[in-house]
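Before any comments, here is the structure.
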Amino acid sequence: MAVLVRGRPWAAVVADMIEGVVVANRLTPPVADRVRTELWAAIGHEWPADLPRVA
181 MAVLVRGRPW AAVVADMIEG VVVANRLTPP VADRVRTELW AAIGHEWPAD
231 LPRVA
């Protein structure tokens with residue numbers, strides 16, 4: 181997995197990294213939602229409301 185960092189907001193970079201984990205592990209709801217929530221919590225933030233849940 182590769183994530184473009186330069187010139188992007190930090191939250192967008194982190195969201196791509198988290199989504200990469202979800203996609204690489206072929207997670208589907210509700211497990212995918214739980215993993216996203218747990219990963220955002222692990223870095224001390226909540227899932228940004230303006231970012232869609234892709235997988």
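So the sequence shown is numbered by our numbering: it starts at 181 and just counts up by one. Ideal Cβ placement from N, Cα and C applies to all residues, glycine included.
Quiz item: Where do the N-terminal and C-terminal ends of the alpha helix (DSSP H) with Glu-218 fall, by residue?
Solution: 211 to 222
Exercise. Hey, could you find the ends of the alpha helix (DSSP H) Gly-200 is sitting in?
Key: 190 to 204
Quiz item: Would you call the CB atoms of Val-193 and Val-202 closer than 8 Å?
Solution: no
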